[in-house]
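Student: Numbering (my numbering), first residue to last: 61 to 390.
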Amino acid sequence: MEGSRQASWFIFLILLFLLMFAEGRVEASMGEIDEKSKQIEMKDFIEATSSTQNPIIKMVTQMGNNIENSQDDKFPKKKNNNNDDSSSSSSHMNHNINPLLIVFFTINDLKVGKKLAIYFPKRDPSKSPPFLPKQKADQIPFAFKQLPHILSYFSFPPNSPQAQAIKETLQQCELKPIKGETKFCATSMESMMDFVKTSLIFPTKSYSSSSSSFKLLKTSHLTKSNVHFQNYTIFDTPMEIAAPKLVACHTMPYPYAIYYCHYQEGDNNVLKIELEGENGDRVEALAICHMDTSQWSSTHPAFQVLKLQPGDMPICHFFPADDFVWIPVA
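(1) Could you check whether Thr311 and Tyr323 sit closer than 8 Å to each other, using their CB atoms as the reference points?
(2) With DSSP as the reference, identify every bridge partner of Cys233, one or two as the case may be.
(3) Is the CB-CB distance between Asn291 and Glu334 below 8 Å?
(4) Counting along the chain, where does the alpha helix (DSSP H) carrying Phe180 start and finish?
(5) Would a C-beta distance cut-off of 8 Å place Thr283 and Val172 closer than the cut-off?
(6) Would you decide whether Ser248 is buried or exposed? Buried here means 16 or more other CB atoms lie within 10 Å of its CB.
(7) Is Ala317 helix, strand or coil by DSSP?
(8) Determine, for Leu161, whether the minimum Cβ-Cβ distance to residues of chain B falls below 8 Å.
(9) Could you name each continuous beta strand (DSSP E) segment of 3 residues or more that falls completely within the stretch 202 to 255, going from the start of the chain to the end?
(10) Considering only residues of the same chain and omitting the five flanking positions on each side of Ala342, which have a CB-CB separation below 6 Å?
(11) How many angstroms separate the CA atom of Ile348 from the CA atom of Asn329?
(12) Look at the alpha carbon of Gln206 and the alpha carbon of Val307, and state the distance between them as a whole number of angstroms.
(13) Assign Val385 to one of three DSSP states: helix, strand, or coil.
(14) Would you kindly work out how many angstroms separate the C-alpha atoms of Met299 and Leu161, rounded to a whole number?
(15) If we ignore side chains and look at the alpha-carbon of each, how far apart do Pro361 and Lys196 end up?
(16) Drop a sphere of 10 angstroms on the beta-carbon of Pro304, count the other beta-carbons inside from all chains shown, and report buried for 16 or more, exposed for fewer.
(17) Ordered along the chain, which non-local residues of its own chain (more than five positions away) have a Cβ less than 6 Å from that of Glu101?
(18) Per DSSP, Leu331 is paired with what?
(19) Hey, Ile178 and Phe378: beta-carbon distance below 8 Å or not?
(20) What distance in whole Å lies between the Cβ atoms of Pro388 and Ser273, which are believed to be in contact at a cut-off of 8 Å?
(21) Based on Cα-Cα distance, which residue from Pro190, Cys245, Pro208 and Gln364 lies nearest to Cys309?
Quick look at the structure:
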């Protein structure tokens with residue numbers, strides 16, 4: 061009996077030791093994970109959400125820089141009554157333009173069988189920075205004046221590519237909104253939803269203010285390939301989605317998920333467009349058409365790509381798969 065008790069105690073001590081060892085390893089592993097989350101690989105950090113790969117952000121911020129305090133007469137409207145294919149984005153395409161900016165097209169291109177050159181970045185979601193819980197995100201400074209502290213927190217050298225990306229994101233998030241625009245950089249999913257609710261609530265009974273009354277729209281790649289830039293053909297009638305108001309959210313380069321969300325007064329159409337690439341890729345693409353471009357800067361990237369001028373015609377653009385739009389649902 062005594063031997064049995066000793067054996068039981070011996071086994072108990074072994075199990076206790078193993079448990080304590082396992083807990084120590086878990087704590088060490090969690091520490092390693094936390095440290096690795098700060099030491100994000102440069103390639104994943106820059107390529108996953110780089111502003112140079114997000115032409116919509118470039119479009120928004122450049123427009124904000126150029127038309128701030130502008131007057132209407134600075135951008136005279138130029139009428140274009142030509143509705144044939146000569147006004148299409150294919151004929152307007154400047155082949156010397158960076159392919160990353162080729163996401164624009166005109167409303168005249170919305171025809172079944174129309175071929176468009178489009179750049180669709182295909183990023184691995186597993187490599188994209190995750191959202192932090194709001195409580196955690198709120199504890200980390202997010203302001204340009206706090207840049208040195210932020211770089212120290214994430215252990216990024218001041219002259220590193222990561223530091224430059226963080227600097228640009230903070231600057232863009234603090235830019236003054238353009239006329240008629242309301243903007244917000246969401247540092248957590250909770251803060252994004254608060255902005256969406258505030259932006260999309262209607263003063264009528266037609267729309268509910270509950271979170272269930274908002275719908276998220278995004279581009280979906282129905283096939284897998286590594287081709288980012290190619291010609292796509294519209295193979296079905298574009299579907300217009302009723303959206304009296306909308307909030308567009310765009311990824312920003314940062315160690316954790318940051319979304320530049322904004323809505324702008326004006327007439328904008330939301331579309332889902334079925335596309336087929338030259339290599340057989342199928343994409344259910346989200347697009348927005350801005351019906352009035354008369355107030356846009358003449359240096360707007362869309363005009364560079366399409367060879368148009370402010371006010372010529374409505375201009376549309378596709379959304380990459382990691383950007384999205386919120387709309388109210390009746």
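For glycine and all other residues, C-beta sits at the position ideal for the given N, C-alpha and C.
Since we're looking at a predicted model, the values are computed, not measured.
Tutor: Let's see:
(1) no
(2) Cys233 pairs with nothing; no bridge assigned.
(3) no
(4) Unbroken run through Phe180: none, as it is neither H nor E.
(5) Taking 8 Å as the Cβ cut-off, Thr283 and Val172 do not qualify as a contacting pair.
(6) buried
(7) coil
(8) Of the chains in the structure shown, none is chain B; there is only one protein chain.
(9) 241 to 246
(10) Checking the sequence, you will find Arg at residue 342 rather than Ala. Around Arg342: Leu282, Thr283 and Glu336.
(11) The straight-line gap separating the alpha-carbon atoms of Ile348 and Asn329 is approximately 6 Å.
(12) 28 Å
(13) strand
(14) 24 Å
(15) 37 Å
(16) exposed
(17) Low per-residue confidence applies at Glu101: pLDDT is 40, beneath 50, and the placement is therefore not dependable, though the value from the model is reported in the following sentence. If we look at Glu101 and ignore the five residues flanking it on each side, it has no Cβ neighbours.
(18) Glu300 and Ala347
(19) Yes, Cβ-Cβ distance for Ile178 and Phe378 is below 8 Å.
(20) 6 Å
(21) Cys245
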